[in-house]
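Colleague:
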Amino acid sequence: MSEQNGRPRRRPAPRPSVTPAGVRRVRRRLRRGGLGSLGCDALNGAVHLTGVVGRWDDRIRAGYIAASVRCRGVVNDIAVSGITEPAMTVPRVTDESLAGKAYDIVVVGAGVVGCAIARELSRFDLRIAVLEKEDDVGVHASSRNDGMIHPGFAPPPGTLKAWFNATGNRMYGDLARELGFQFDRVGSIVLFRSWWLRLLLPIMRLRAHQNGVDSPRVLTRGGVSRLEPNVTARQHGGLQFLSTGIVNPFEVTIAFAENAVQNGVEFHFETVLTGVELEMSGERRQIRSIRTNRGVITAGAVVNAAGSWADAVASLADDRFFTIHGRRGVDAVLDKQLSSTQHHALSMPDLLGSGRTHSKGGGLIPSIDGNLIAGPTAEETPDRENYATTHTEFTEVRDQLSLNDAVSSEFIITYFAGVRPATFTEDFIVERSIRVRNLTHVAGIQSPGLASAPAIAVEAARLAVESLREERGAEMGRNETFNPIRPARIDLSRLPLAERAVLISARPDYGQPVCRCEDVTEGEIRDALRSPLGVCSLDSIKRRTRAGAGRCHGGFCLPRVLEIIHEETGLPLESIRKKSGDSYLVLGRTKKIQRAPTHV
Amino acid sequence: MSDVCGDELVDVVVVGGGPAGVSAALAVGDAGAEVLIIEREDRLGGVLKQCIHDGFGVLQYGERLTGPEYAHRHVAALKCRQTQGGQIRVMTGAYLHSLRRDGTRWSIDLITSQGIQSIGTAAVVMATGCRERTDRQIYLHGDRPAGIFTAGQAQRLINIDGVMPGRNVVVLGSGDIGLIMARRFVLEGARVQGVYEIQSTVSGLARNVAQCLEDWNIPLHLGTTVTEVHGRNRVEAVTVCPVDGSGLPDHNAAERIPCDTLILSVGLIPENDIIADLGLPLDSSTGGPAVTQDRETQLPGLYVCGNALTVYDLVDYVSECGQAAGTAATRGATTARSAAAPSAHASAGPVETSGDIGQMVPQLLDLAADQPPVFFFRVKRAMDKATLTISRGGVQVESRRLTYLRPPEMIRYELRERAWAALRRNPGPISVAVEAADGS
């Protein structure tokens, strides 16, 4: 399939501050919506909501009413009786290991966006650190999605989402080559539920043009069936987007991060921002230093890429103008046996109803590793880190399977939940703070955030460097040793046997299978443990190598992987964790044999 | 013969060095052919290595051995045969990468730490065992913390690695390994809150309920299941719910049980991914391919035995199954060498099961065989008295009274000579049925 060659339009400007008339209009609309008891003011260019409601849905509804006027954002301080929004989980460790360190730029958050920004910044001769509260990159939304690189057709024209999406999509081909990750433009087909949706074709073509997306191919019912012989009989033709791609989202995140490390960026895991020291710089405030659980760090500029908690970081800098609300989605992963039954990403959205919801409606898409992925659902949640799955959501995901007649729910090998960090304005926030001179916000990066991340990173890095240049009055030097190439990891399962044999002769551990479902060798697990980010949890290894991601789900390989982690890191088995926090896998030794005292 | 399909030629290749594979290899050795065992781990024995409880070999040796002892006897026999000049070779740390048919032979690619090796053979015996069903395959919901293990994982961690996967345990599912692990946890000083089984009957053997739960005062809750796991990082609790007749949980009666570990013993799945890739359909009741009494599949020269064929309850049956496959594979390999002999499938007919039979091997009968076949089957429901009837073309050739039939237990039934002769003689479809006798 092809790279997009449509010309992107100009990047839209950030949203304007709310006007007093705008605030009055929100109040009126809240009253009309039965939410008249709520308070509504302007704050930092945003609409600020206060008060108490009885249901979480009402809090969310009020937020969207506020966002219906032109404003920078919505700060939603509405409390919901009976519901306490769970706080951010934080690392338990406290030490002074980072105390006194000084960086030119500190990026808060190591999701795909934070890692991509770090890599962009590493093109400059700057001291850069990324702070991440978890034990690895891409633990939250960045690893909890279906890996689709959307073409950019879905976001409303004129939004930052549309611009970054179409621009980011175009960057993926080169990036995959530079950063050594798997990428395939499989294309997508948006199926029509009924024949008369064809009447909307001129509108759809216009939208593609406005978003700078290549004009989709219009397929008849038979045309779809020829491309996808197992497609549901409910379809009435569709639109084919050739530029839609698929990636492994953690592989992309890890690739950005590892290339950043190659180019001098420091990553500090289990490190959380706990406070910000502001000082005056002329008329405006600026961040002087930031407090973490590992000591106080000074920073020339700060990039807020804190995902689900970006509003909390903005709040620490006394710069609130948006509130994040979590929107959960559940995806189901199907057995690789089905990989040949479908080639394109398929979806059958309710094209007329999509204006009423804030989700594209999900679909059934091939993954780069050969599984099909169904989902995601969309449900508002007060708990931004709640990845528990429920029976109800799971049932909803299963409905997506009907897009392909060759699949059924018995092929589901696992399912997972993710939480997208949504704002009420439903657009990305990529802008410098108005209040704090050296702070750049990158927030509300929900779907299509993965597709957009490369383009967002370029812009966010530009803004952060600009803030530094203003302060120092000089251009930032280029990093002369910047190397854009990250070697791809050795993935033996993708190699022909002859090539595997050559590798095994140099490294016999490449000939020792550990995970048989996914064909992962001991050597690959050791490579992951020796990789530049220095991760050692079970999930980190699984995300890098796929050991334990197959149909037996680690039934056979878990003990062996623990042993290899022990051998590589020296950690006793009792200290090896599944992920962050107290996620220890083993709780001690079996009964210890008391050795008889030795008498001299 | 030209070396068309690999670096090396062997009469029979056995894939898997557990009890089925080693039994098969011993049988090949006894028949005087050369055999190669391919084992993924660095030692033979398969899952027996971690089964340190007793009860193995009651039928075969008349003793209650532990798993390692049973495996040791096998391996000792293998070594003995090797020293006597038997052509039995073992490759450990070897992983089967691909298996394909090349003309009349099979071609195998192996990955080892020495490199890639290709082997050509006339017969392949798959003895790949089974895997455990996971939490996702029973649609368990809730958080995804550390502390959810299959019973087999826990068994390996405790018995081989010497570490405790948990201290305060809930067991979901009453499969044999789950029952055995409940006791094992107690022996190691952990607390076992109970064993929860969604069905109204236990899925493990009665002897394990007595020896592993009752003797240790571990509560068994039938008709109850775990509906949700709680705990972000490590398991903190599970919600258990009684279920109604159709298996739907009654959420009003839900109970939250604090624990740090959830052990799953919710079923075993024969491992047949390699042969499924060859296009062989799997029998939905056994999870393995359809085979003749020789354990030969519909692909000539490809045999499947042990728990890869159907999950047995006793290792003795697994060994018997492996032995049958090994003997037949040798015959197949040596005749194939001399002449292009027709496969047993040319003279094989399907066996229809009816009544209360839940699963049965063999699913096909080679009517040219002189030896009467042995049937292994499980019943769908508990019956105190039942009648087994075997007929062909509507003519009954065998009728036997069976007593005390329980679904977890595999029933071994050896057809009598006379009945086999009658079965071979008569025309028409073959059927095997079990019907409950008077009011049971």
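Chains C and R, in that order, give the protein sequences.
The first sequence begins at 836 in the working numbering and counts up by one.
The second sequence begins at 250 in the working numbering and counts up by one.
By construction, the Cβ of each residue, glycine as well, lies at the ideal position given by its N, Cα and C atoms.
(1) On the criterion of 16 or more Cβ atoms from any shown chain inside 10 Å, does C:Val861 qualify as buried, or is it exposed?
(2) Short check: CB of C:Ala1290 to CB of C:Phe999, under 8 Å?
(3) Please name the residues in the region 1396-1430 of chain C whose beta-carbon is closer than 8 Å to at least one beta-carbon of chain R, in chain order.
(4) Spatial neighbours of C:Thr1109 within its chain, please: CB distance less than 7 Å, with the 5 preceding and 5 following residues excluded, ordered by chain position.
(5) Given a threshold of 16 other Cβ atoms within 10 Å of its Cβ, counted over all protein chains shown, does C:Glu1334 qualify as buried or as exposed?
(6) Tell me the DSSP secondary structure of R:Tyr319 in three-state form.
(7) Roughly how many angstroms separate the alpha carbons of R:Gly294 and R:Gly401, rounded to a whole number?
(8) Take C:Cys1387 and list the residues in its own chain whose beta-carbon comes closer than 7 Å to its own, dropping the five residues that flank it on each side.
(9) Label R:Val478 either buried or exposed according to how many other C-beta atoms from any shown protein chain fall within 10 Å of its C-beta, with 16 as the threshold for buried.
(10) Can C:Val1138 and C:Ile952 be called in contact, C-beta distance under 8 Å?
(11) Using a Cβ-Cβ cut-off of 8 Å, state whether R:Thr383 counts as contacting chain C.
(12) With a CB to CB cut of under 8 Å and the five nearest residues on each side skipped, what residues in its chain are close to C:Ile1202?
(13) Under 8 Å between C-beta atoms, does C:Thr924 make it to chain R?
(14) When DSSP builds the beta bridges, which residues end up paired with R:Cys236?
(15) If we ignore side chains and look at the alpha-carbon of each, how far apart do R:Ile518 and C:Gly1390 end up?
(16) The alpha helix (DSSP H) spanning R:Ile407 covers which residue range?
(17) Use the C-beta contact count for C:Met1006: other C-beta atoms within 10 angstroms, 16 or more gives buried, fewer gives exposed.
(18) From the DSSP output, which residues share a beta bridge with R:Gln608?
(19) How should C:Cys875 be labelled, buried or exposed, when 16 other C-beta atoms within 10 angstroms of its C-beta is the threshold for buried?
(20) Please classify R:Ala439: is it buried, with 16 or more other beta-carbons within 10 angstroms of its beta-carbon, or exposed?
(21) Quick one: is R:Leu529 near chain B, going by C-beta distance under 8 Å?
(22) Could you run through the region 432-465 of chain R and flag, in chain order, every residue whose CB is less than 7 Å away from some CB of chain C?
(23) Run through the DSSP bridge pairs and tell me what R:Arg650 is partnered with.
(24) Quick check: is the beta carbon of R:Val600 nearer than 8 Å to any beta carbon in chain C?
(25) Is it true that the region 1169-1186 of chain C meets the region 958-974 of chain C, where meeting means three or more beta-carbon pairs spaced less than 8 Å apart?
(26) Spell out whether any CB of chain C is found under 8 Å from the CB atom of R:Leu202.
(27) Which word fits R:Asn482, buried or exposed, when buried means at least 16 other C-beta atoms lie within 10 angstroms of its C-beta?
(28) Can you pull out the residues from the region 390-415 of chain R whose beta carbon lies closer than 9 Å to at least one beta carbon of chain C?
(29) Can you give the beta carbon distance from C:Ser1182 to C:Leu1026, rounded, assuming they're within the 8 Å contact cut?
(30) If we cut at 8 Å on Cβ distances, does C:Phe1076 have a partner in chain R?
(31) What is the residue span of the alpha helix (DSSP H) that C:Met1006 lies within?
(32) Looking at the unbroken beta strand (DSSP E) that takes in C:Pro1348, where does it start and where does it end?
(33) Residues of chain R with CB closer than 8 Å to the CB of C:Asp1344, please, in chain order.
(34) Taking C:Asn1094 as part of the alpha helix (DSSP H), name the residues at either end of that continuous run.
(35) Per DSSP, C:Leu1199 is paired with what?
(36) Am I right that R:Glu463 and R:Gly369 are in contact with their C-beta atoms under 8 Å? What's the rounded C-beta distance?
Modeller: In brief:
(1) buried
(2) yes
(3) Leu1397, Glu1398, Leu1408, Glu1409, Arg1412, Lys1413, Lys1414, Ser1415, Gly1416, Asp1417, Ser1418, Tyr1419, Leu1420, Val1421, Leu1422, Gly1423, Arg1424, Thr1425, Lys1426
(4) Arg1126, Thr1127, Asn1128
(5) exposed
(6) helix
(7) 15 Å
(8) Cys1352
(9) buried
(10) yes
(11) yes
(12) The sequence given here has Ser at residue 1202 of chain C, not Ile. Result list for C:Ser1202: Asp981, Gly982, Ile1081, Asn1083, Val1168, Ile1208, in chain order.
(13) yes
(14) The requested residue 236 of chain R does not occur in the structure, where chain R is confined to residues 250 to 689.
(15) 12 Å
(16) 400-408
(17) buried
(18) R:Arg627
(19) buried
(20) buried
(21) The structure shown has no chain B; the protein chains it does contain are C and R.
(22) Glu437, Gly438
(23) R:Thr636
(24) no
(25) no
(26) Limits of chain R in this structure are 250 at one end and 689 at the other, which puts residue 202 of chain R out of reach.
(27) buried
(28) His390, Gly391, Asp392, Arg393, Pro394, Ala395, Gly396, Phe398, Thr399, Gly401, Gln402, Arg405, Leu406, Ile407, Asn408, Ile409, Asp410, Gly411, Val412, Met413, Pro414, Gly415
(29) 7 Å
(30) no
(31) 995-1014
(32) 1348-1350
(33) Ser362
(34) 1084-1097
(35) C:Leu1181, C:Ala1209
(36) Contact doesn't hold; Cβ gap of about 54 Å is too wide.
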